[in-house]
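So the structure is just underneath, and the comments pick up after that.
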Amino acid sequence: MRKPRTVASLLLAGSLALIATGASAEGMGTPADLAENFPAPDAGLLQPENATITRSEEGVHLHLDLTTPEAGSYTYPEDIAADAQAQPEVFTGWAFVFNYPENCETPYDCGAADFEGAAKGGVYNFSGVSNQLSQDSGGEIVLNGATDGYVRLSGDILVGQEQRSDLPPETTTFALENPMGAEIHAAIAPHGQFNAETIADELYNPTGSPACGCWWVAVFEGSDAEADMASS
1057 MRKPRTVASL LLAGSLALIA TGASAEGMGT PADLAENFPA PDAGLLQPEN ATITRSEEGV
1117 HLHLDLTTPE AGSYTYPEDI AADAQAQPEV FTGWAFVFNY PENCETPYDC GAADFEGAAK
1177 GGVYNFSGVS NQLSQDSGGE IVLNGATDGY VRLSGDILVG QEQRSDLPPE TTTFALENPM
1237 GAEIHAAIAP HGQFNAETIA DELYNPTGSP ACGCWWVAVF EGSDAEADMA SS
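With the working numbering applied, the sequence shown corresponds to residues 1057 to 1288, in that order.
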């Protein structure tokens, strides 16, 4: 029997509020767990219906709509100075992929200990956006950005796609290879005020870490693809 879900320690350490919702192993799904930026977990800026994953044999598509937060009203990574907590702001989208969640230290509740093991974890930067610029699916920086009162982060991760992240060289991670069954943690990292001189680097690099309680995170459940096939 599958263990009742909790939020993975790697991504959601700290006092974060969870919202349990439905989940889907194929097609379009909504998150099994969702957490707001702490210490304002009840702000409702990231709603379950605004965090979706679409799965296919070729890969996954992630889409997160975050109600544009008021600058200075939420928790920022420690390296963002107070005078940089102002509009327009920059946000990046990150995906933590665990290809075989049944092999995680705690099955179907993957975390930091599971990247280099049989769960075959990986890290992707799937989007970046500000009120002025955004990153398209090909990685090009284009004029666009947060619209309609939302910060919209959307992107594809394809099977075998090279990971774009700033990982320590001694860290072993794996590309996406099980899009239908992988457990995927999609996160939004805040970067503070837009800076034209640093935006190109910011769209590809994180600030802080999910464990700081300063990211918004949606966890999409995985499944044992072989077991699912056997039972069908």
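All residues carry an ideal CB built from backbone N, CA and C; glycine is no exception.
query	result
Close-in-space but distant-in-sequence residues of the same chain around D1121 (CB under 6 Å, 5 per side omitted)	N1106, Y1206, R1208
For A1274 and Y1156, the rounded distance between their alpha carbons	18 Å
One or two residues paired with G1248 in a DSSP bridge	V1146
DSSP state of I1255 mapped onto helix, strand, coil	helix
Integer-rounded CB distance, given that V1179 should sit under 8 Å from Q1219	6 Å
Cutoff 6 Å; reference V1153; Cβ partners in own chain excluding five residues on either side	G1178, L1232, A1238, I1240
Cα-Cα separation, F1171 to T1229	6 Å
Outcome for G1167 when other beta-carbon atoms lying within 10 angstroms are tallied against a minimum of 16	buried
DSSP beta-bridge partners of D1212	H1117
Own chain residues within Cβ distance below 7 Å of G1278, not counting five before or after	F1154, P1157, Y1164, G1237, A1238, E1239
Sequence-distant residues of its chain with Cβ nearer than 6 Å to G1264 (five each side left out)	P1133, C1270
Same chain, Cβ closer than 6 Å to V1116, five either side skipped, listed in chain order	I1109, I1213, P1235
Spatially closest choice to L1102 from R1111, E1258, P1125, by CA coordinates	P1125
Delimiting residues of the beta strand (DSSP E) encompassing F1230	Where F1230 is concerned, there is no enclosing beta strand (DSSP E), given that its DSSP letter is neither H nor E.
Between the CA atoms of P1144 and A1252 - distance to the nearest angstrom	11 Å
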